[in-house]
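*Asks:* Take a look at the following structure, please.
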């Protein structure tokens, strides 16, 4: 419910209120973690279960705060977001499924590639798993920046599509692509230069596996620095296509590139070609590159069609 309400608000180009609610949620969650896990105010110490309870309560509070904002905001309130909760419109539901189901498959394909890579990493030992975990965390954190731009791209292009302004949609797509390219290149250089220092933040130099983890983590971080650009670009490309309700073909492209290319390449390079854990990361990068090139081509073809026809064809 939280993510639905947050995206509903973001669709009205109101990005600040959800951020404020999330910050409030973080503060509440930290406080409640101590209350329930350590047993403050005479409550029983629930330990890990208490952390889970505090997270659930925090999300409930954030949902309530977002709902209050939606009702009190004049622009959003006019849409009566909670006025038709019990009504069922099969036409709207069908449209949501047509657009939304392929998006779910796309997210599953990309996330699944990283998950399968992490699971398969286990056959190469604890050091390989630890090194991959470190690199994954860094890649996930830096990915938040292009992801944010990508979400904004979907909203901007969606508004342009709804107003039937193809030139505005094209400009939004081009600007988003340029921004992601610049930002990811900067992040890539940063990761490459400070790769050793970043890895050492996660490790204890006195640990007996320190050298083994470093031997895997350093090349993995170099690969992570390389695929920053491609991961960011594929994200903005697919988000631009979502803005015009083009989700079916991007889903097919994603499944093929991430699994047919990425996962299979990772397996072939890591095992038959004996590149080990590094081969898995190279395979993931190959999958991301394939997705970037293919989705980029899809965006280019869509752009040319918009220029030629001068209007949108939405689902």
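In our numbering, the protein residues as written are 4 to 318.
The beta carbon of each residue, even a glycine, is placed where N, CA and C say it ideally should be.
From a predicted model like this one, the values you see are computed outputs, not experimental measurements.
Short of 6 Å in beta carbon distance, which residues of its chain neighbour residue 295, apart from the five on each side in sequence? Order them along the chain.
*Replies:* 233, 236 and 237
*Asks:* Between the Cα of residue 287 and those of 46, 231, 156 and 268, spot the shortest distance and give me the residue it belongs to.
*Replies:* Measuring C-alpha to C-alpha distances from residue 287 to each of 46, 231, 156 and 268 identifies 268 as the nearest.
*Asks:* Could you check if residue 103 is buried or exposed, using at least 16 other CB atoms within 10 Å of its CB as the buried criterion?
*Replies:* exposed
*Asks:* Taking only runs that begin and end inside the stretch 237-312, name each unbroken alpha helix (DSSP H) of 4 or more residues, in chain order.
*Replies:* 251-258, 267-273 and 280-312
*Asks:* How far does the alpha helix (DSSP H) with residue 32 in it extend, from its first residue to its last?
*Replies:* 19-41
*Asks:* Going by other Cβ atoms of all chains shown within 10 Å of its Cβ, with 16 needed for buried, is residue 292 buried or exposed?
*Replies:* buried
*Asks:* Taking contact to mean 3 or more Cβ pairs, one atom from each stretch, closer than 8 Å, check whether the stretch 244-255 and the stretch 157-171 are in contact.
*Replies:* The stretch 244-255 vs the stretch 157-171: in contact.
*Asks:* Using a threshold of 7 Å, state whether the C-beta atoms of residue 183 and residue 149 are closer than that.
*Replies:* yes
*Asks:* Taking the alpha helix (DSSP H) that residue 174 falls in, what are its first and last residues?
*Replies:* It spans 169-196 - the alpha helix (DSSP H) in which residue 174 sits, taken as one unbroken run.
*Asks:* Assuming residue 299 contacts residue 265 under a Cβ cut-off of 8 Å, what Cβ separation, rounded to an integer in Å, is found between them?
*Replies:* Going by Cβ atoms, the distance from residue 299 to residue 265 rounds to 17 Å, so no, they are not a contact pair.
*Asks:* So, helix, strand or coil for residue 234, using DSSP?
*Replies:* helix
*Asks:* List the endpoints of the continuous alpha helix (DSSP H) containing residue 93.
*Replies:* For residue 93, the enclosing alpha helix (DSSP H) covers residues 93-123.
*Asks:* Just reading off the alpha helix (DSSP H) that residue 55 is part of, what are its end residues?
*Replies:* 51-75
*Asks:* Count the other CB atoms within 10 Å of the CB of residue 75; is the residue buried (16 or more) or exposed (fewer)?
*Replies:* exposed
*Asks:* If you check the beta carbons only, do residue 142 and residue 212 fall under 7 Å apart?
*Replies:* no
*Asks:* According to DSSP, is residue 318 helix, strand or coil?
*Replies:* Reliability fails at residue 318, whose pLDDT of 49 lies under 50, so the model's placement of it is uncertain and no value is given.
*Asks:* Tell me which residue opens and which closes the alpha helix (DSSP H) that residue 161 is part of.
*Replies:* 129-165
*Asks:* Does residue 127 pass the burial test, meaning 16 or more other C-beta atoms within 10 Å, or should it be called exposed?
*Replies:* buried
*Asks:* By the DSSP assignment, the alpha helix (DSSP H) with residue 13 in it spans what residues?
*Replies:* 5-13
*Asks:* Residues in the same chain with beta-carbon distance under 8 Å from residue 38, minus the five sequence neighbours each way, listed in chain order, please.
*Replies:* Excluding residues within five positions, the ones whose Cβ falls inside 8 Å are 44, 46, 53 and 57.
*Asks:* Please report how far the alpha carbon of residue 28 lies from the alpha carbon of residue 70, in whole angstroms.
*Replies:* 14 Å
*Asks:* Using C-beta distances below 7 Å, list every residue in its chain close to residue 318, excluding the 5 sequence neighbours before and after it, in chain order.
*Replies:* Unreliable placement is indicated for residue 318, whose pLDDT of 49 sits below 50; the coordinate value is still reported in the next sentence. The beta carbon of residue 318 is closer than 7 Å to those of 98, 101, 102 and 248 in its chain, skipping five residues each way along the sequence.
*Asks:* Are residue 190 and residue 156 close, meaning C-beta to C-beta below 7 Å?
*Replies:* no
*Asks:* So for residue 85, helix, strand or coil by DSSP?
*Replies:* coil
*Asks:* Just how far apart, CA to CA, sit residue 66 and residue 306?
*Replies:* 38 Å
*Asks:* To the nearest angstrom, how far is it from the Cα of residue 220 to the Cα of residue 153?
*Replies:* 28 Å
*Asks:* Which term fits residue 10, buried or exposed, when burial requires 16 or more other beta carbons within 10 angstroms of its beta carbon?
*Replies:* With fewer than 16 other Cβ atoms within 10 Å, it is exposed.
*Asks:* Is the stretch 162-180 in contact with the stretch 221-230, if contact means three or more CB pairs nearer than 8 Å?
*Replies:* no
*Asks:* Roughly how many angstroms separate the alpha carbons of residue 188 and residue 123, rounded to a whole number?
*Replies:* Distance between the alpha carbons of residue 188 and residue 123 is about 29 Å.
*Asks:* Grouping DSSP H, G and I as helix and E and B as strand, with all else coil, what is residue 16?
*Replies:* coil
*Asks:* Whole angstroms are fine: how far does the CA of residue 263 sit from the CA of residue 12?
*Replies:* 36 Å
*Asks:* When DSSP labels each residue in this structure, what does residue 203 get in the three-state scheme?
*Replies:* helix
*Asks:* Going straight from the alpha carbon of residue 4 to that of residue 25, what length do you get?
*Replies:* 14 Å
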